[in-house]
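Chains as they are written, first to last, in my numbering: chain A, 95 to 208; chain B, 35 to 147.
So, in structure tokens, the structure goes:
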């Protein structure tokens, strides 16, 4: 049962343009969402997070949008840079004792074309 | 550099053997999490410790066990290894419980031959 889904295994975007990565979830108990970036042979690197009480969070070139009614979130990267080429994972957790574990999607490989 | 360290980086062993993976969390972090990433799979949660005590368990096999020591470092023990246990094993840490960002180590790549 895949509770967090990233339906696009790969995405190619021209340098300087906007990259939009999407994520859907099914568990209504999830209330905290995170995006991680991963290079080969390295651990995931935290990018940005959002709590369910918000619908948008920005950090520099990265913005995460949350649509709770649709159980959908997206990560916008603008402008896209070659160094952004990596695998991006969406993750979610639920509130409460013992629920802090992250449930990950299967990832989207982003390729920025120079 | 996330501040989370894992050793060893690579481990090659044979079926039936036992190995220990080690993780040191970021300074000040009380929670340690272990995740497994198999080929073409997302990261799967195995187990969480908070300040020395087990907090949550995921899909962790009975052949696997973990502990967190008083200095907050953690070890993941994998025994009676099978070919299917070959994977990347990541440790992550966070400040405390609750919705905090988890910071990941570089991982240990385990190959079972």
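All C-beta atoms, glycine included, are put in the ideal place defined by N, C-alpha and C.
All values reported here derive from a predicted model rather than from experimental measurement.
Practice task
Determine the DSSP secondary structure at residue 118 (chain A), reduced to helix, strand or coil.
Solution key: The residue you call residue 118 (chain A) lines up with position 24 of the first chain. Correct three-state label for residue 118 (chain A): strand.
Handout entry: Start and end residues, beta strand (DSSP E) containing residue 166 (chain A)
Key = Looking up residue 166 (chain A) in the first chain gives position 72. For residue 166 (chain A), the enclosing beta strand (DSSP E) covers residues 166-171.
Practice task
Answer with yes or no whether the minimum CB distance from residue 135 (chain A) to chain B is below 9 Å.
Solution key: Locating residue 135 (chain A) in the first chain gives position 41, counting from the first residue. In terms of beta-carbon proximity, residue 135 (chain A) lines the interface with chain B, with at least one pair separated by less than 9 Å.
Exercise for the section: Under 8 Å Cβ to Cβ from residue 123 (chain A), same chain only, skipping five residues before and after it: list those, please. Expected result: Against the first chain, residue 123 (chain A) aligns to sequence position 29. Excluding residues within five positions, the ones whose Cβ falls inside 8 Å are 188, 189 and 193.
Exercise for the section: Identify the continuous beta strand (DSSP E) that holds residue 131 (chain A) and give its terminal residues. Expected result: By 1-based counting over the first chain, the position of residue 131 (chain A) is 37. First-last of the beta strand (DSSP E) with residue 131 (chain A): 124-132.
Handout entry: Candidates A:114, A:173, A:107 and A:108, of which the one nearest residue 101 (chain A) by Cα
Key = Locating residue 101 (chain A) in the first chain gives position 7, counting from the first residue. The residue from A:114, A:173, A:107 and A:108 with its alpha-carbon nearest to that of residue 101 (chain A) is A:114.
Handout entry: Nonlocal neighbours in the same chain, by C-beta distance under 6 Å from residue 131 (chain A), ignoring five residues either side
Key = The residue labelled residue 131 (chain A) in the question sits at position 37 within the first chain. Around residue 131 (chain A), the same chain offers 139, 141, 180 and 182 as residues with beta carbons nearer than 6 Å, after the five sequence neighbours per side are excluded.
Practice task
Report, in whole angstroms, the separation of the C-beta atoms of residue 144 (chain A) and residue 158 (chain A), which I expect to be a contact under 8 Å.
Solution key: Taking the first residue of the first chain as position 1, residue 144 (chain A) is located at position 50. Taking the first residue of the first chain as position 1, residue 158 (chain A) is located at position 64. Right, the Cβ-Cβ distance comes to about 5 Å (below 8 Å), so this counts as a contact.
Practice task
Give the straight-line distance between the Cα atoms of residue 144 (chain B) and residue 91 (chain B), rounded to the nearest whole angstrom.
Solution key: Here residue 144 (chain B) refers to the residue found at position 110 of the second chain. Here residue 91 (chain B) refers to the residue found at position 57 of the second chain. For residue 144 (chain B) and residue 91 (chain B), the gap between their C-alpha atoms comes out near 21 Å.
Problem - Straight-line gap, residue 93 (chain B) to residue 79 (chain B) (C-alpha atoms, nearest Å) - result: Within the second chain, numbered from 1, the residue matching residue 93 (chain B) stands at position 59. Within the second chain, numbered from 1, the residue matching residue 79 (chain B) stands at position 45. It is roughly 7 Å from the alpha-carbon of residue 93 (chain B) to the alpha-carbon of residue 79 (chain B).
Practice task
Measure the alpha-carbon distance for residue 120 (chain B) versus residue 176 (chain A) and round it to whole angstroms.
Solution key: What you label residue 120 (chain B) is simply residue 86 of the second chain in a count that begins at 1. What you label residue 176 (chain A) is simply residue 82 of the first chain in a count that begins at 1. For residue 120 (chain B) and residue 176 (chain A), the distance between alpha carbons rounds to 32 Å.
Problem - Whole-angstrom distance between residue 135 (chain A) and residue 205 (chain A), CA atom to CA atom - result: For the purposes of this step, residue 205 (chain A) is taken as residue 111 along the first chain, with counting starting at 1. For the purposes of this step, residue 135 (chain A) is taken as residue 41 along the first chain, with counting starting at 1. In a straight line, the C-alpha of residue 205 (chain A) is about 17 Å away from that of residue 135 (chain A).
Handout entry: Start and end residues, beta strand (DSSP E) containing residue 55 (chain B)
Key = Position 21 of the second chain, counted from the start, is the residue given in the question as residue 55 (chain B). Run containing residue 55 (chain B): 53-58, per the beta strand (DSSP E) assignment.
Practice task
Would you mind listing the beta strand (DSSP E) stretches within the segment 107-133 of chain B that are 3+ residues and don't spill past its ends, in chain order?
Solution key: You should have 108-112 and 121-128.
Problem - residue 153 (chain A) (DSSP reduced to helix, strand or coil) - result: For the purposes of this step, residue 153 (chain A) is taken as the residue at position 59 of the first chain. Residue 153 (chain A) falls in the strand class under three-state DSSP.
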